[in-house]
Amino acid sequence: MQEVVFVLLPKFSMIALYGALEPLRLVNRFTGDAFTWKFVSLDGEPVAASNEIPVSVSGALEDEVRPNLVICCASYEPEPLLQRPLLAQVRRLARQGVWLGGVDTGPFVLAQAGVLDGYRATCHWESLPGFRETYPRIEVSSALYEIDRNRLTCAGGAAAIDMMLEYIAANYGRALSISIADQLLHFRFTDGSGDARLPADIRYQIEDTRLLTIVESMEQNVEEPLASGELAALGGISVRQMERLFARHLAVRPRKFYQRLRLERAERLLNYSHMSVTDVAVTCGFPSLEHFTRSYRTQFGLPPSLHRRRTVDTGSTLARK
Numbered sequence: 000m001q002e003v004v005f006v007l008l009p010k011f012s013m014i015a016l017y018g019a020l021e022p023l024r025l026v027n028r029f030t031g032d033a034f035t036w037k038f039v040s041l042d043g044e045p046v047a048a049s050n051e052i053p054v055s056v057s058g059a060l061e062d063e064v065r066p067n068l069v070i071c072c073a074s075y076e077p078e079p080l081l082q083r084p085l086l087a088q089v090r091r092l093a094r095q096g097v098w099l100g101g102v103d104t105g106p107f108v109l110a111q112a113g114v115l116d117g118y119r120a121t122c123h124w125e126s127l128p129g130f131r132e133t134y135p136r137i138e139v140s141s142a143l144y145e146i147d148r149n150r151l152t153c154a155g156g157a158a159a160i161d162m163m164l165e166y167i168a169a170n171y172g173r174a175l176s177i178s179i180a181d182q183l184l185h186f187r188f189t190d191g192s193g194d195a196r197l198p199a200d201i202r203y204q205i206e207d208t209r210l211l212t213i214v215e216s217m218e219q220n221v222e223e224p225l226a227s228g229e230l231a232a233l234g235g236i237s238v239r240q241m242e243r244l245f246a247r248h249l250a251v252r253p254r255k256f257y258q259r260l261r262l263e264r265a266e267r268l269l270n271y272s273h274m275s276v277t278d279v280a281v282t283c284g285f286p287s288l289e290h291f292t293r294s295y296r297t298q299f300g301l302p303p304s305l306h307r308r309r310t311v312d313t314g315s316t317l318a319r320k
């Protein structure tokens, strides 16, 4: 029998928690008592999820001796959670050979503890750029989930189901995993290699393949933005035709759309990394700090330096949109 411990951290994602838990319940339904599970917190006190619903726990993390798998559940504002007592417990479990996992921004805890160095890992797409910049020793991917040796990480949400289905398949066979997916009405059966974010054609409701190619090229070239002529050429059209496509389908000029993409990336880096404002500006393709600051203020109503200072003063990051 495998013992699974879920570490609930303040403002954790409830959908990710139960997405990881329910497949285990169904294994027991089909096979008997294959798994036991419990919820714990750092101090043994109840924890409120991001939806403000408090969840009771069985005890404190330090009381766990040697479970089979420990999964850190987090979501908004992971940085204030990365304190010595929590990291010390994670390192203790790693030394004991316990399998360790993280859902949504839970991988930040494992990363800060140093137990993901040299591993392949992922996290929520919004925090992924900051995760990649902050932890260069980790092989960061944008996959729905990653299971690398004795480490499990996922992007959160429904990807927690995918991750646990794969874990179950590895331990009890693919047939059982498929049966559980069927019970959960979870029709996406994946090896995790798919991107954790919705494709651009769905996010922007784009059907024109030329426009889609250009938008995807913009998203893939943030640090060194492509010129208008280069973008149009990638779509196989002229600059004038590109302008018309953006106006018709997205109601915005291409350069404005491109800048907005880069500013949104900058906001996520400010939220989820320790990069300086200057480094964020460079990473997001702005030729000068002055240009970046002016553009950022226009887009978000405050300069990036104040955004970062507000984050530090409150001990938290700004909430996701």
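Counted from 1, the sequence shown has number 241 at position 242 by numbering that gives the first Met the number 0; the numbering is strictly sequential. Idealized CB from N, CA, C, for every residue including glycine.
(1) First and last residue of the alpha helix (DSSP H) that includes K255?
(2) In whole angstroms, what is the alpha-carbon distance linking F299 and R293?
(3) Note down, in chain order, each residue of its chain lying with its Cβ closer than 6 Å to the Cβ of M217, except the 5 sequence neighbours on either side.
(4) Rounded to the nearest angstrom, what separates F11 and L92 at their Cα positions?
(5) Given this structure, state the Cα-to-Cα distance separating I146 from L197, to the nearest angstrom.
(6) Just to confirm my understanding: we take L244, look at its own chain, exclude 5 residues before and 5 after, and list those with CB closer than 7 Å. What are they?
(7) Using only alpha-carbon positions, find the residue among L151, A73, A280, V4 that is nearest to A47.
(8) What do you get for R65, buried or exposed, if any count of 16 or more other CB atoms within 10 angstroms of its CB means buried?
(9) Identify whether A250 lies in helix, strand or coil by the three-state DSSP scheme.
(10) Based on the DSSP secondary-structure assignment, which residues constitute the bridge partners of V3?
(11) Can you grab the Cα-Cα spacing for the pair T90 / V276, in whole Å?
(12) Got a sec? Which residues, its chain only, sit under 6 Å from S176 by beta carbon, not counting five neighbours each side?
(13) How about D324 and A15: do their beta carbons lie closer than 8 Å?
(14) According to the Cβ coordinates, are A154 and F130 closer than 8 Å?
(15) According to DSSP, simplified to helix, strand and coil, what is T313?
(16) Using CA coordinates, which residue listed in S57, A33, L8 is at the minimum distance from N50?
(17) Taking the straight line between their C-alpha atoms, what separation do you get for P135 and A120?
Concretely, from the data shown:
(1) Note, K255: alpha helix (DSSP H), 253-271.
(2) Computed Cα separation, rounded: 10 Å.
(3) Cβ-Cβ distances below 6 Å link M217 to Y257, L260 in the same chain, with the five nearest sequence neighbours on each side left out; the list follows chain order.
(4) So the two alpha carbons sit approximately 21 Å from each other.
(5) Distance between the alpha carbons of I146 and L197 is about 21 Å.
(6) The answer, listed in chain order, is D207, R209, L210.
(7) Looking at the Cα atoms, A73 is the closest of the given residues.
(8) Within 10 angstroms of the beta-carbon of R65 lie fewer than 16 other beta-carbons, which makes it exposed.
(9) Here A250 sits in coil by DSSP.
(10) Beta-bridge pairing links V3 to W36, L68.
(11) Looking at the sequence itself, residue 90 is Arg, so the reference to Thr does not match. V276 has its alpha-carbon roughly 31 Å from the corresponding atom of R90.
(12) So the list reads L164, I167, A168, once near-sequence residues are dropped.
(13) Here the chain covers residues 0 to 320 and nothing more, so residue 324 does not appear.
(14) No, the pair does not count as a contact, with Cβ atoms beyond the cut-off.
(15) Any reading at T313 needs caution, since the residue's pLDDT is 42, under 50, leaving its predicted position unreliable; the model's value is listed next. Annotated three-state conformation of T313 is helix, per DSSP.
(16) When only C-alpha atoms are compared, the closest one is L8.
(17) Cα-Cα distance, rounded: 11 Å.
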